[in-house]
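Asks:
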Amino acid sequence: MNIHEYQAKEILRNEGVPIPPGEVASTPEEVERIAKQYGGTVVVKAQVHAGGRGKAGGVKLAKTPAEAKEVAEKILKLHIKGLPVLKVLVTPAADIANEAYVGIILDRASKKPVFMVSPAGGIDIEEVAEKTPEKILKLPIDTRYGLQPYQASRLGFFLFDDVKKVRAAAKIMQSLYTAFMKNGCSLAEINPLVTTPAGDIVALDAKMVIDDNELDRHPELAELRDESAEEPSEVMARNANLTFIKLDGDVGCVVNGAGLAMATMDLVKYYGGEPANFLDIGGSSNPEKVVNALKIITSDPSVKAILFNIFGGITRTDDVANGIVTATKQNPLKVPIVIRLTGTNEEIAMKILEENGFSASSDMDEAVKRAVELAKGGKAA
Ligand code: GDP
Ligand code: MN
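Okay, so the sequence shown: first residue is 98 according to this note's numbering, each after it adds one.
(1) For the segment 218-232 against the segment 153-167, are there 3 or more C-beta pairs whose distance is under 8 Å?
(2) Out of 182, 414 and 271, which one is the CA nearest neighbour of residue 443?
(3) Following a CB-centred definition, is residue 219 positioned closer than 6 Å to any heavy atom of the ligand GDP?
(4) Looking only at its own chain, which residues have a Cβ that is under 6 Å from the Cβ of residue 337, when we skip the five neighbours before and after it?
(5) Nearest by alpha-carbon distance to residue 425: which of 391, 115 and 411 is it?
(6) Following a CB-centred definition, is residue 195 positioned closer than 6 Å to any heavy atom of the ligand MN?
(7) Counting along the chain, where does the beta strand (DSSP E) carrying residue 195 start and finish?
(8) Quick check: what's the CA-CA separation for residue 349 versus residue 370?
(9) Strictly by DSSP, which residues pair up with residue 176?
(10) Residue range of the beta strand (DSSP E) that residue 352 falls in?
(11) Who are the Cβ neighbours of residue 153 in its own chain at under 6 Å, not counting the five residues just before and after it?
(12) For residue 462, collect the residues of the same chain with a Cβ closer than 8 Å to its Cβ; drop the 5 residues on either side in sequence, then sort them by chain order.
(13) Which residues count as close to the ligand MN when the rule is a CB under 5 Å from any of its heavy atoms, in chain order?
(14) Measuring alpha carbon to alpha carbon, tell me which residue in 174, 441 and 234 is nearest residue 254.
(15) Within 10 angstroms of the Cβ of residue 240, are there 16 or more other Cβ atoms? Answer buried if so, exposed if not.
(16) For the 8 Å Cβ check, are there 3 or more pairs between the segment 297-312 and the segment 128-135?
(17) Is residue 150 close to the ligand GDP? I mean its beta-carbon at under 6 Å from any heavy atom of the ligand.
(18) Evaluate residue 359 with the Cβ neighbour count: other Cβ atoms within 10 Å of its Cβ, from every protein chain shown; 16 or more gives buried, anything less gives exposed.
(19) Give me the Cα-Cα distance between residue 165 and residue 175, rounded to the nearest whole angstrom.
(20) On the three-pair Cβ rule with 8 Å, is the segment 453-473 touching the segment 397-408?
(21) State the beta-bridge partners of residue 458 as determined by DSSP.
(22) Verify whether the separation of the beta carbon atoms of residue 275 and residue 112 is less than 7 Å.
(23) May I ask you to check if the CB of residue 446 is nearer than 6 Å to at least one heavy atom of the ligand GDP?
(24) Following the continuous beta strand (DSSP E) through residue 145, name the residue where it begins and the one where it ends.
(25) Helix, strand or coil for residue 99? Go by DSSP, reduced to three states.
(26) Look at residue 189 and residue 114 and say whether their C-beta atoms are less than 7 Å apart.
(27) Apart from the five residues on each side of it in sequence, which residues of its chain come closer than 6 Å, Cβ to Cβ, to residue 407?
(28) Any idea what DSSP makes of residue 394, helix, strand or coil?
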């Protein structure tokens with residue numbers, strides 16, 4: 098789960114990271130009022146779940162409250178990486194002498210949190226990693242012992258020469274690590290971590306991604322979820338207890354079981370198609386799940402054909418067939434559908450489908466091939 102910059106900053110502030118104050122607003126008038134309170138130059142920042150907001154025009158300095166209102170008007174009309182900007186963070190501007198990068202990611206290969214720090218912060222860290230990898234220090238942490246003081250100092254020395262700054266940075270590393278572990282993060286990042294001309298070190302941006310599996314343990318974090326900032330189809334799927342990930346293609350896939358879903362996507366690709374999503378209706382699928390799955394898939398305008406691929410074990414294929422019939426009666430389909438069913442109660446399922454004007458096969462290869470053809474505008478066979 099992604100959280101907003103202002104939420105991540107709140108968490109890190111409570112952990113002791115030096116961060117300028119800030120307030121969230123959703124109208125230009127509120128922004129003007131907040132800017133007046135702070136006095137001086139402020140920064141108005143789009144709150145969306147996307148990086149590179151600066152480049153997209155979503156981070157602007159404003160010298161006066163009137164100017165803050167003006168830039169807020171523009172930012173609140175932006176879409177950044179397809180996501181509408183509904184809120185902005187207003188914060189007193191800091192003077193910047195130097196920008197560094199500090200992040201922790203959960204590394205699957207080493208199964209450890211890995212610190213990544215670089216004195217070349219502010220811009221895309223991916224670009225630094227690609228062009229000047231020597232400017233990044235990676236340090237895996239053994240979670241049995243946590244971040245040791247010597248490690249925190251080493252990270253600090255990679256960023257600064259001055260011992261006072263190294264100490265301040267080391268303290269920030271400890272706070273970031275504590276926040277990362279305490280909140281079940283898969284990522285926690287400060288970019289930029291700036292040095293002011295006066296020599297203070299402050300975090301001007303923060304990003305945290307919380308592992309979805311931690312949310313049951315952390316109801317206070319689950320509350321931070323902002324559904325208005327998420328892909329609508331993924332919100333709908335989560336609320337219907339379906340595993341769904343939107344992709345860029347045009348073949349909508351409804352599958353039971355994650356393994357079969359992966360195999361189906363592979364086969365769609367093999368036959369030259371592009372899956373529009375990953376959707377797993379799970380094991381014991383009742384007709385309602387199928388209805389919800391179809392609702393979600395058909396709400397995506399890029400879907401040109403729908404492919405059902407169901408292997409009936411615990412899942413009864415007649416349940417799925419009933420779901421398809423119910424769903425399409427409620428919302429008649431505007432795109433062709435290809436159904437492949439095999440396994441438990443297959444004969445009953447085929448009969449239900451036939452009686453309702455659908456055809457289905459038990460051959461996965463054939464079904465996938467046909468769905469790909471149909472998505473490309475081919476005729477139904
Ligand atoms: P991102 O582009 O989404 O990562 O947004 P950031 O919050 O990192 O802001 C992008 C850039 O805006 C930073 O790297 C800074 O150069 C600049 N910026 C952000 N806050 C301030 C500030 O308080 N003062 C100044 N002078 N620049 C800022
Ligand atoms: Mn940033």
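Each residue gets a CB set at the ideal place from its N, CA and C atoms; glycine is no exception.
Replies: Per the coordinate set shown:
(1) The segment 218-232 vs the segment 153-167: no contact.
(2) Numbered from its first residue, the sequence shown carries residue 443 at position 346. Measuring from the Cα of residue 443, the nearest candidate turns out to be 414.
(3) Along the sequence shown, read from residue 1 onward, the residue named residue 219 stands at position 122. Yes - the ligand GDP has a heavy atom lying nearer than 6 Å to the Cβ of residue 219.
(4) Position 240 of the sequence shown holds residue 337. Apart from the 5 residues on each side of it in sequence, residue 337 sits with its Cβ closer than 6 Å to the Cβ of 389 in its chain, given in chain order.
(5) Numbered from 1 along the sequence shown, position 328 holds the residue referred to as residue 425. Looking at the Cα atoms, 391 is the closest of the given residues.
(6) As a position in the sequence shown, residue 195 is number 98, starting the count at 1. Every heavy atom of the ligand MN is 6 Å or more from the Cβ of residue 195, so no.
(7) For the purposes of this step, residue 195 is identified with residue 98 of the sequence shown, where counting begins at 1. Run containing residue 195: 195-204, per the beta strand (DSSP E) assignment.
(8) Stepping through the sequence shown from its first residue, residue 349 is reached at position 252. Stepping through the sequence shown from its first residue, residue 370 is reached at position 273. Going from the Cα of residue 349 to the Cα of residue 370 covers about 11 Å.
(9) For the purposes of this step, residue 176 is taken as the residue at position 79 of the sequence shown. Note: residue 176 sits in a beta bridge opposite 181.
(10) Within the sequence shown, the letter at position 255 stands for residue 352. Counting along the chain, the beta strand (DSSP E) containing residue 352 begins and ends at 348-352.
(11) One-based indexing of the sequence shown puts residue 153 at position 56. Cβ neighbours of residue 153 beyond the five flanking positions: 177.
(12) To locate residue 462, count along the sequence shown from 1; it is residue 365. Result list for residue 462: 364, in chain order.
(13) 288 and 302
(14) What you label residue 254 is simply residue 157 of the sequence shown in a count that begins at 1. Of the candidates 174, 441 and 234, the one whose C-alpha sits nearest the C-alpha of residue 254 is 234.
(15) Against the sequence shown, residue 240 aligns to sequence position 143. By the neighbour-count rule (16 or more Cβ atoms within 10 Å), residue 240 is not buried but exposed.
(16) no
(17) The residue you call residue 150 lines up with position 53 of the sequence shown. Residue 150 Cβ: within cutoff of the ligand GDP.
(18) The sequence position of residue 359 within the sequence shown is 262, counting from 1. Residue 359 is exposed by the Cβ-count criterion.
(19) In the sequence shown, the residue the question calls residue 165 occupies position 68. In the sequence shown, the residue the question calls residue 175 occupies position 78. Rounded to the nearest angstrom, the gap between the Cα atoms of residue 165 and residue 175 is 16 Å.
(20) Per the Cβ contact rule, the segment 453-473 is in contact with the segment 397-408 (3 or more Cβ pairs under 8 Å).
(21) As a working note, residue 458 is residue 361 in the sequence shown. Answer by DSSP bridge pairing, in chain order: 437.
(22) Within the sequence shown, numbered from 1, the residue matching residue 275 stands at position 178. Within the sequence shown, numbered from 1, the residue matching residue 112 stands at position 15. Contact: yes.
(23) Taking the sequence shown and counting its residues from 1, the one referred to as residue 446 is at position 349. No, the Cβ of residue 446 stays beyond 6 Å of every heavy atom of the ligand GDP.
(24) In the sequence shown, the residue the question calls residue 145 occupies position 48. Neither: residue 145 is in no beta strand (DSSP E) and is coded neither H nor E.
(25) As a position in the sequence shown, residue 99 is number 2, starting the count at 1. Residue 99 falls in the strand class under three-state DSSP.
(26) If you number the sequence shown from 1, residue 189 lands on position 92. If you number the sequence shown from 1, residue 114 lands on position 17. Taking 7 Å as the Cβ cut-off, residue 189 and residue 114 do not qualify as a contacting pair.
(27) Within the sequence shown, residue 407 is the residue found at index 310, counting from 1. These residues qualify, in order along the chain: 353, 414, 417 and 438.
(28) Here the question's residue 394 lines up with position 297 in the sequence shown. Reduced to three states, the DSSP call for residue 394 is helix.
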